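S.K.: First the structure, which I've put down as structure tokens, then a few questions once you've had a look.
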Amino acid sequence: MIPTYTNVHLRFKLNNYHYSFEDLMEVAYSFTKEGVPYQRELGVFLLDWLDNKDYIEVQTSGSTGKPKKLQIKKQAMVNSAIATGDFFNLTPGKKLLNCLPSNFIAGKMMIVRAIILGLELDMVEPSVAPRIDLKKDYDFCAFTPMQLKNFAQHLKALKTAIVGGGRVSEPIKALIQDKPTQVYETYGMTETVTHIAVRKLNHFTEEDSKVCFTTLPGIKISTDDRNCLVIEAPHISDDTVVTNDIVKIHSDNTFEWLGRFDNVINSGGIKLYPEQIEEKLQSKIKEQFFVTSLPDDTLGDKLILIVEGEENCVNPAVFNGLDKYQIPKEIYYLPNFAETLSGKIHRENTLQLIQ
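Structure below.
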């Protein structure tokens with residue numbers, strides 16, 4: 001029988017203690033009144049999760065548009081937790097580490113997985129370099145790319161890690177190749193209740209693809225006339241989710257992500273995908289950067305590079321190896337990028353800073 005959002009698994013633990021539904025309500029109140037900031041966020045979410053409504057309100061990150069609030073069914077979150085548990089074999093009693101903030105969907109889902117699947121959850125304060133008890137071993141954790149970079153040397157204490165919220169750069173991938181931890185990049189969004197697909201980042205076999213995402217159980221994929229991904233997941237969304245992500249579908253349950261439709265640049269009739277260019281430059285530019293475009297009388301749109309750093313800190317030699325159409329026409333430097341509430345680069349607002 002599939003559990004519902006009113007269930008608290010008998011094996012669930014939070015910071016070494018088991019709590020019933022009623023006990024968890026008291027702990028949540030205590031966190032909101034007496035906890036440090038990240039504990040207050042946890043308390044607020046737990047109170048939302050344990051109330052009599054069948055949904056919670058979640059705010060999108062705003063990385064691909066204006067932040068907005070969505071109502072997500074609690075049962076959809078339960079179903080998503082079960083799908084992740086099935087895929088990663090998260091059986092009752094396994095140890096879960098959460099270093100993500102509880103006010104965004106990724107952090108909320110780590111908590112829901114523990115409650116529903118009967119996992120032993122340790123919460124630590126979210127930061128780019130989480131302070132984690134390295135004497136403990138964990139079965140599962142979720143990171144942002146920056147957290148993964150800073151924690152890479154300690155991965156031996158962790159069996160499986162997922163990473164999302166931004167692209168994983170080639171230098172970060174290099175850091176995890178010799179680590180025993182199985183690391184997966186995730187694909188998903190708030191509307192799909194976090195990830196609906198994953199791909200391996202290390203420990204490849206001959207059968208594994210280094211470019212394709214594999215969908216979780218119960219997910220159907222297709223593309224629209226823009227070649228953008230369309231997701232059908234009746235267990236987590238009543239509506240078909242039409243994305244702005246351009247993909248190449250390889251099989252019924254695998255796809256290759258090419259870039260964002262709203263980021264595609266048509267320069268002199270040539271379609272350029274900024275994300276593909278950025279991936280080629282990741283290992284060559286140490287500063288934070290992204291590729292975008294500005295209007296141009298001749299080309300329509302001209303390719304540019306925006307760098308967060310001092311003037312002329314990027315040597316044009318980094319463009320060696322790019323196709324001729326992929327070489328930026330200009331480089332702009334800014335002391336600071338505009339960011340979303342969740343700390344991602346806000347491309348549109350940053351572009352406005354140079355115009």
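Residue numbers (the UniProt record's numbering): 1 to 355. Note that beta-carbon positions come from the ideal geometry of N, C-alpha and C, so glycine has one too. All of these numbers come straight from a predicted model, not from anything done at the bench.
So is Asp245 buried or exposed if we call it buried at 16+ other beta carbons inside 10 Å?
M.R.: As a first step, residue 245 must be located in the sequence shown, where it is residue number 245. Asp245 should be labelled buried.
S.K.: Does DSSP classify Pro101 as helix, strand or coil?
M.R.: Taking the first residue of the sequence shown as position 1, residue 101 is located at position 101. It is coil, neither helix nor strand.
S.K.: With a CB to CB cut of under 8 Å and the five nearest residues on each side skipped, what residues in its chain are close to Ile172?
M.R.: Here the question's residue 172 lines up with position 172 in the sequence shown. Here the set comprises Pro145, Leu148, Lys149 and Ala152.
S.K.: Helix, strand or coil for Ile115? Go by DSSP, reduced to three states.
M.R.: Here the question's residue 115 lines up with position 115 in the sequence shown. Reduced to three states, the DSSP call for Ile115 is helix.
S.K.: Which residues in the same chain as Gly107 place their Cβ atom closer than 6 Å to its Cβ, once the five residues preceding and following it in sequence are excluded?
M.R.: Position 107 of the sequence shown holds residue 107. The answer, listed in chain order, is Leu100 and Pro101.
S.K.: Just the Cα atoms here: how many angstroms apart are Glu170 and Lys286?
M.R.: Sequence index remark: in the sequence shown, residue 170 carries index 170 (1-based). Sequence index remark: in the sequence shown, residue 286 carries index 286 (1-based). Their Cα atoms are separated by approximately 11 Å.
S.K.: Using only the alpha-carbon positions, how far apart do Asp48 and Leu158 sit?
M.R.: Within the sequence shown, residue 48 is the residue found at index 48, counting from 1. Within the sequence shown, residue 158 is the residue found at index 158, counting from 1. Asp48 and Leu158: Cα-Cα distance of roughly 30 Å.
S.K.: Please classify Ile176 as buried or exposed, where buried requires at least 16 neighbouring CB atoms within 10 angstroms.
M.R.: One-based indexing of the sequence shown puts residue 176 at position 176. When all chains shown are included, Ile176 counts as buried.
S.K.: Using only CA atoms, which one of Val241, Met189, Glu22 and Ile219 lies nearest to Asn251?
M.R.: The sequence position of residue 251 within the sequence shown is 251, counting from 1. As written in the sequence, residue 251 is Ser, which differs from the Asn given in the question. For Ser251, the nearest C-alpha among the options comes from Ile219.
S.K.: Can the beta-carbon of Ile105 be found closer than 8 Å to that of Val58?
M.R.: As a first step, residue 105 is located in the sequence shown; it is residue number 105 there, counting from the start. As a first step, residue 58 is located in the sequence shown; it is residue number 58 there, counting from the start. In contact: Ile105 and Val58 (Cβ atoms closer than 8 Å).
S.K.: Mark Lys210 as exposed unless 16 or more other C-beta atoms lie within 10 angstroms of its C-beta, in which case mark it buried.
M.R.: The count along the sequence shown starts at 1 and reaches residue 210 at position 210. With fewer than 16 other Cβ atoms within 10 Å, it is exposed.
S.K.: Around the Cβ of Asp122, are there at least 16 other Cβ atoms within 10 angstroms (buried) or fewer (exposed)?
M.R.: Within the sequence shown, numbered from 1, the residue matching residue 122 stands at position 122. The residue in question, Asp122, is buried, as its Cβ has 16 or more Cβ neighbours within 10 Å.
S.K.: Within the same chain, show all residues whose beta-carbon is closer than 7 Å to that of Asn15, passing over the 5 residues directly before and after it, in chain order.
M.R.: Taking the sequence shown and counting its residues from 1, one reaches residue 15 at position 15. Excluding residues within five positions, the ones whose Cβ falls inside 7 Å are Asp122 and Met123.
S.K.: Let me make sure I understand the geometry here. Which of Leu272, Cys212, Val193 and Asn315 has the alpha-carbon closest to that of Ala76?
M.R.: Along the sequence shown, read from residue 1 onward, the residue named residue 76 stands at position 76. Looking at the Cα atoms, Val193 is the closest of the given residues.
S.K.: Nearest by alpha-carbon distance to Thr190: which of Thr254, Lys179 and Gly164 is it?
M.R.: Taking the sequence shown and counting its residues from 1, one reaches residue 190 at position 190. It is Gly164 whose Cα lies nearest to the Cα of Thr190.
S.K.: Could you give the C-beta distance for Cys212 and Glu256, rounded to a whole number, given that I count them as a contact under 8 Å?
M.R.: The residue you call residue 212 lines up with position 212 of the sequence shown. The residue you call residue 256 lines up with position 256 of the sequence shown. Cys212 to Glu256, Cβ: 5 Å. Contact.
S.K.: Report yes if the CB atom of Ala161 is closer than 8 Å to the CB atom of Thr186, and no otherwise.
M.R.: Taking the sequence shown and counting its residues from 1, one reaches residue 161 at position 161. Taking the sequence shown and counting its residues from 1, one reaches residue 186 at position 186. It is not a contact, given that the beta carbons lie outside the stated cut-off.
S.K.: Name the two residues that bound the continuous beta strand (DSSP E) containing Asn266.
M.R.: Counted from its first residue, the sequence shown places residue 266 at position 266. Run containing Asn266: Ile265 to Ser267, per the beta strand (DSSP E) assignment.
S.K.: Confirm, please, whether the CB-CB distance from Ile331 to Val314 is below 8 Å.
M.R.: Residue 314 sits at position 314 when you count from the first residue of the sequence shown. Residue 331 sits at position 331 when you count from the first residue of the sequence shown. It is a contact, given that the beta carbons lie within the stated cut-off.
S.K.: Please report how far the alpha carbon of Gly43 lies from the alpha carbon of Lys324, in whole angstroms.
M.R.: Translated into positions along the sequence shown, residue 43 becomes position 43. Translated into positions along the sequence shown, residue 324 becomes position 324. Those two C-alpha atoms are separated by around 53 Å.
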